[in-house]
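J.: First the structure, then my questions, so here it is.
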Amino acid sequence: MDATTLAAFLAVDLLLVFTPGADWAFTISAGLRERSVLPAVTGLIAGYAGYTILAVAGLVVIVASSPVVLTALTVAGAGYLVWLGWNVLRQPAALAASEETAGASRRQVMLKGAGISGLNPKALLLYFSLFPQFIDTTGGWPVAAQTGLFGTLHMTACALVYLTVGFLARTVLKTRPSAARAVTRASGAILIVIGVVLLAERLAA
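Its first residue numbered 79, the sequence shown is counted upward by one per residue in the numbering used here.
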């Protein structure tokens with residue numbers, strides 16, 4: 079695989095990763111609520127690791143071509159995002175309190191992160207629509223190896239960006255409790271809006 083193809087893929091992928099969405103909202107909320115943002119980001123990456131495995135195995139094509147499976151995945155993902163957003167709105171982060179007692183165990187935070195990325199149909203469509211554009215079937219690399227490489231690059235980009243977002247949210251807002259609560263409420267609202275939009279798009283399709 080040539081360097082030009084990798085550079086082109088990274089350019090497009092980073093543009094998508096830097097676009098705020100459910101992952102950003104969850105990372106910011108975790109950065110304000112928990113002692114460390116690492117469990118939240120680990121969970122998000124775990125969800126994408128599952129998609130990478132599916133893509134390498136070729137199952138992503140089967141899932142993406144099944145309207146029933148996609149609809150079920152969309153409804154589940156949208157409902158999960160709305161539920162998380164509602165919980166965030168009910169209990170906005172208070173940074174001083176989160177320093178004393180963690181709001182949830184590391185395992186719970188990781189599972190929430192994996193649920194957000196793993197149940198997001200946008201991620202499935204990302205793997206299905208973006209990856210094939212950069213696959214070279216005439217080159218020396220097997221398609222599975224190329225897919226695995228793209229998946230690894232995507233997960234690495236997500237990890238670096240989300241860790242930075244979570245760290246900045248915690249550091250910048252550390253001395254601004256009112257701003258922290260406002261940002262957390264905004265994150266909760268974003269999760270709900272994304273969930274509703276995903277559901278509306280699927281029902282309108």
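Quick reminder that beta carbons are idealized off the backbone N, C-alpha and C, glycines included.
Since this is a predicted model, take the numbers as computed values, not measurements.
Classify Leu197 as helix, strand or coil using the three-state DSSP reduction.
T.: coil
J.: At what residues does the alpha helix (DSSP H) containing Arg248 begin and finish?
T.: Val221 to Val250
J.: What is the C-beta distance between Arg254 and Leu110, in whole angstroms, given that I count them as a contact (C-beta under 8 Å)?
T.: That pair is no contact at about 10 Å.
J.: Please list the terminal residues of the continuous alpha helix (DSSP H) segment that includes Ser114.
T.: That residue, Ser114, is in no alpha helix (DSSP H); it is neither H nor E in DSSP.
J.: What are the start and end residues of the alpha helix (DSSP H) that includes Thr216?
T.: It is not in any alpha helix (DSSP H) - Thr216 carries neither H nor E in the DSSP assignment.
J.: Tell me whether Asp91 sits in a helix, a strand or coil according to DSSP, three-state version.
T.: Of the three classes helix, strand and coil, the one that applies to Asp91 here is helix, per DSSP.
J.: Three-state secondary structure (DSSP) at Gly191?
T.: The answer is helix: DSSP assigns Gly191 an H, G or I state.
J.: Would you mind stating whether Gly121 and Leu189 have Cβ atoms separated by less than 9 Å?
T.: With respect to the 9 Å criterion, Gly121 and Leu189 are classified as neighbours on the basis of their beta carbons.
J.: For Ser195, which residues of its own chain have a beta-carbon under 7 Å away from its beta-carbon, when the five flanking residues on both sides are left out?
T.: Closer than 7 Å at the Cβ level, and outside the excluded window around Ser195, lie Asp101, Leu122, Gly125, Tyr126 and Ala201.
J.: Any contact of the region 222-242 with the region 87-95, i.e. 3+ C-beta pairs under 8 Å?
T.: yes
J.: Just the Cα atoms here: how many angstroms apart are Ala81 and Gly136?
T.: CA-to-CA, the gap between Ala81 and Gly136 works out to about 24 Å.
J.: By Cβ distance below 8 Å, which residues in the same chain neighbour Ala86 in space, the five residues on each side in sequence not counted?
T.: Phe212
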